[in-house]
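Below is one structure; the comments refer to it alone.
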(Lines of atoms letter the chains of each structure in order from A and count residues from 1; the text may use other names and numbers.)
(Lines give C-alpha, C1' and ligand atoms only; values in the text may rest on other atoms or scores of the structure.)
Protein backbone atom coordinates (compact mmCIF):
# COMPACT_ATOMS: atom_id res chain seq x y z
CA UNK A 1 0.00 0.00 0.00
CA UNK A 2 2.74 2.60 0.74
CA UNK A 3 4.13 2.11 -2.79
CA UNK A 4 0.79 3.09 -4.34
CA UNK A 5 0.59 6.19 -2.13
CA UNK A 6 4.13 7.20 -3.15
CA UNK A 7 3.38 6.73 -6.83
CA UNK A 8 0.19 8.77 -6.56
CA UNK A 9 1.99 11.47 -4.62
CA UNK A 10 4.80 11.53 -7.18
CA UNK A 11 2.31 11.91 -10.05
CA UNK A 12 0.48 14.70 -8.21
CA UNK A 13 3.76 16.47 -7.44
CA UNK A 14 4.96 16.11 -11.04
CA UNK A 15 1.71 17.58 -12.33
CA UNK A 16 1.88 20.50 -9.93
CA UNK A 17 5.49 21.30 -10.85
CA UNK A 18 4.61 21.11 -14.55
CA UNK A 19 1.70 23.52 -14.18
CA UNK A 20 3.73 25.98 -12.13
CA UNK A 21 6.57 25.83 -14.63
CA UNK A 22 4.21 26.72 -17.47
CA UNK A 23 2.65 29.64 -15.66
CA UNK A 24 5.62 31.90 -15.25
CA UNK A 25 8.54 32.74 -13.07
CA UNK A 26 9.03 29.34 -11.47
CA UNK A 27 9.79 27.82 -14.86
CA UNK A 28 13.30 27.87 -16.27
CA UNK A 29 14.50 31.18 -17.57
CA UNK A 30 14.53 31.61 -21.34
CA UNK A 31 17.20 34.29 -21.29
CA UNK A 32 19.77 32.31 -23.31
CA UNK A 33 17.63 32.55 -26.43
CA UNK A 34 17.57 36.34 -26.05
CA UNK A 35 21.30 36.89 -25.43
CA UNK A 36 23.13 39.12 -27.88
CA UNK A 37 26.66 38.79 -29.25
CA UNK A 38 27.99 42.12 -28.05
CA UNK A 39 26.81 43.72 -24.77
CA UNK A 40 25.25 47.16 -25.14
CA UNK A 41 26.56 50.09 -23.15
CA UNK A 42 24.33 52.15 -20.88
CA UNK A 43 25.51 54.97 -18.65
CA UNK A 44 23.20 53.99 -15.83
CA UNK A 45 20.11 51.90 -15.30
CA UNK A 46 17.81 51.45 -12.33
CA UNK A 47 15.28 48.67 -12.14
CA UNK A 48 12.24 48.99 -9.87
CA UNK A 49 11.03 45.49 -8.94
CA UNK A 50 7.65 44.37 -7.70
CA UNK A 51 7.76 42.93 -4.18
CA UNK A 52 8.42 39.18 -3.98
CA UNK A 53 8.71 38.74 -7.74
CA UNK A 54 11.48 36.34 -8.74
CA UNK A 55 11.21 37.06 -12.46
CA UNK A 56 12.24 40.67 -11.80
CA UNK A 57 15.51 39.35 -10.37
CA UNK A 58 15.90 36.99 -13.34
CA UNK A 59 15.40 39.88 -15.75
CA UNK A 60 18.04 41.93 -13.90
CA UNK A 61 20.46 38.98 -14.19
CA UNK A 62 19.71 38.82 -17.91
CA UNK A 63 20.48 42.54 -18.21
CA UNK A 64 23.77 42.19 -16.32
CA UNK A 65 24.85 39.55 -18.85
CA UNK A 66 23.95 41.73 -21.83
CA UNK A 67 24.78 45.31 -20.88
CA UNK A 68 27.81 47.15 -19.62
CA UNK A 69 27.26 49.98 -17.20
CA UNK A 70 25.83 50.43 -13.74
CA UNK A 71 22.57 48.58 -13.03
CA UNK A 72 20.91 48.95 -9.65
CA UNK A 73 17.76 47.28 -8.35
CA UNK A 74 15.28 48.44 -5.77
CA UNK A 75 11.91 47.33 -4.45
CA UNK A 76 9.87 50.49 -3.84
CA UNK A 77 7.15 50.72 -1.23
CA UNK A 78 4.67 51.56 -3.99
CA UNK A 79 5.51 50.16 -7.44
CA UNK A 80 2.36 51.74 -8.90
CA UNK A 81 3.59 55.19 -7.89
CA UNK A 82 6.81 54.54 -9.84
CA UNK A 83 4.86 53.52 -12.93
CA UNK A 84 2.68 56.60 -12.62
CA UNK A 85 5.73 58.86 -12.18
CA UNK A 86 7.19 57.57 -15.46
CA UNK A 87 3.88 57.78 -17.34
CA UNK A 88 3.36 54.09 -18.00
CA UNK A 89 -0.26 53.51 -19.03
CA UNK A 90 -2.06 50.89 -16.97
CA UNK A 91 -2.67 48.61 -19.97
CA UNK A 92 1.07 48.54 -20.77
CA UNK A 93 2.31 47.72 -17.27
CA UNK A 94 4.30 44.69 -16.21
CA UNK A 95 6.03 43.62 -13.00
CA UNK A 96 9.16 45.80 -13.20
CA UNK A 97 10.24 49.16 -14.58
CA UNK A 98 13.73 49.91 -15.89
CA UNK A 99 14.86 53.53 -16.04
CA UNK A 100 17.76 54.30 -18.34
CA UNK A 101 19.38 57.69 -18.74
CA UNK A 102 16.88 58.89 -21.36
CA UNK A 103 14.18 56.22 -21.48
CA UNK A 104 11.91 54.00 -19.42
CA UNK A 105 11.59 50.30 -20.30
CA UNK A 106 8.57 48.48 -18.89
CA UNK A 107 8.50 44.71 -18.61
CA UNK A 108 10.48 41.82 -20.06
CA UNK A 109 11.77 43.66 -23.13
CA UNK A 110 14.61 41.84 -24.94
CA UNK A 111 17.92 43.72 -24.83
CA UNK A 112 18.07 43.75 -28.64
CA UNK A 113 15.03 46.05 -28.57
CA UNK A 114 16.64 48.24 -25.89
CA UNK A 115 19.70 48.48 -28.15
CA UNK A 116 17.46 49.46 -31.06
CA UNK A 117 15.81 52.13 -28.88
CA UNK A 118 19.17 53.60 -27.86
CA UNK A 119 20.50 53.53 -31.44
CA UNK A 120 17.41 55.14 -32.98
CA UNK A 121 16.92 57.66 -30.14
CA UNK A 122 13.25 58.32 -31.04
CA UNK A 123 11.30 61.20 -29.46
CA UNK A 124 9.35 58.95 -27.05
CA UNK A 125 9.51 58.42 -23.29
CA UNK A 126 10.18 54.70 -23.52
CA UNK A 127 8.92 51.28 -24.53
CA UNK A 128 6.78 48.57 -22.93
CA UNK A 129 6.08 44.88 -23.24
CA UNK A 130 2.86 44.51 -21.22
CA UNK A 131 2.13 41.70 -18.78
CA UNK A 132 4.60 38.85 -18.31
CA UNK A 133 4.62 36.83 -21.57
CA UNK A 134 6.06 33.31 -21.39
CA UNK A 135 9.38 32.85 -23.16
CA UNK A 136 10.56 36.44 -22.69
CA UNK A 137 13.82 37.34 -20.91
CA UNK A 138 13.51 36.43 -17.24
CA UNK A 139 10.34 34.38 -17.74
CA UNK A 140 10.00 30.64 -18.08
CA UNK A 141 8.10 28.85 -20.77
CA UNK A 142 8.12 29.05 -24.53
CA UNK A 143 7.52 32.14 -26.64
CA UNK A 144 4.18 31.79 -28.42
CA UNK A 145 4.15 33.90 -31.57
CA UNK A 146 5.48 37.41 -31.96
CA UNK A 147 5.65 40.02 -29.21
CA UNK A 148 4.54 43.60 -29.69
CA UNK A 149 6.61 46.26 -27.95
CA UNK A 150 4.75 49.56 -27.56
CA UNK A 151 5.99 53.16 -27.50
CA UNK A 152 5.31 55.14 -24.32
CA UNK A 153 4.75 58.87 -24.38
CA UNK A 154 1.87 61.30 -24.59
CA UNK A 155 -0.54 59.98 -27.24
CA UNK A 156 1.69 57.05 -28.18
CA UNK A 157 0.45 54.60 -25.54
CA UNK A 158 -1.05 52.31 -28.17
CA UNK A 159 1.53 52.85 -30.89
CA UNK A 160 3.57 49.81 -31.84
CA UNK A 161 7.31 50.43 -31.52
CA UNK A 162 8.46 47.07 -32.89
CA UNK A 163 7.63 43.40 -33.02
CA UNK A 164 9.95 40.52 -32.13
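In my numbering, the protein residues as written are 82 to 245. From the three backbone atoms N, C-alpha and C, an ideal C-beta is built for every residue, glycine too.
Range of the contiguous beta strand (DSSP E) that encloses residue i
i	result
residue 160	It is not in any beta strand (DSSP E) - residue 160 instead sits in the alpha helix (DSSP H) that spans 160 to 166.
residue 50	Given that the chain is displayed from residue 82 to residue 245, the structure contains no residue 50 and the question cannot be resolved.
residue 224	First-last for residue 224: undefined, no H or E at that position.
residue 207	207 to 209
residue 230	229 to 233
residue 129	121 to 129
residue 178	178 to 181
residue 242	241 to 244
residue 156	Residue 156 -> no beta strand (DSSP E), and no H or E assigned at all.
residue 171	From DSSP, residue 171 is part of no beta strand (DSSP E); its letter is neither H nor E.
Residue i vs residue j beta-carbon contact at 7 Å
i	j	result
residue 152	residue 211	no
residue 136	residue 220	yes
residue 243	residue 232	no
residue 181	residue 123	yes
residue 140	residue 218	yes
residue 208	residue 230	yes
residue 216	residue 223	yes
residue 148	residue 170	no
Boundaries (first-last residue) of the alpha helix (DSSP H) holding residue i
i	result
residue 195	192 to 201
Test: residue i CB closer than 7 Å to a CB of chain D
i	result
residue 153	Absent here is chain D; the protein component of the structure consists of one chain.
Local Cβ density within 10 Å of residue i, reported as buried at 16 or more and exposed below that
i	result
residue 201	exposed
residue 178	buried
residue 187	buried
residue 226	exposed
residue 125	exposed
Just checking, does the stretch 153 to 167 make contact with the stretch 191 to 201 on the three C-beta pairs under 8 Å criterion? no
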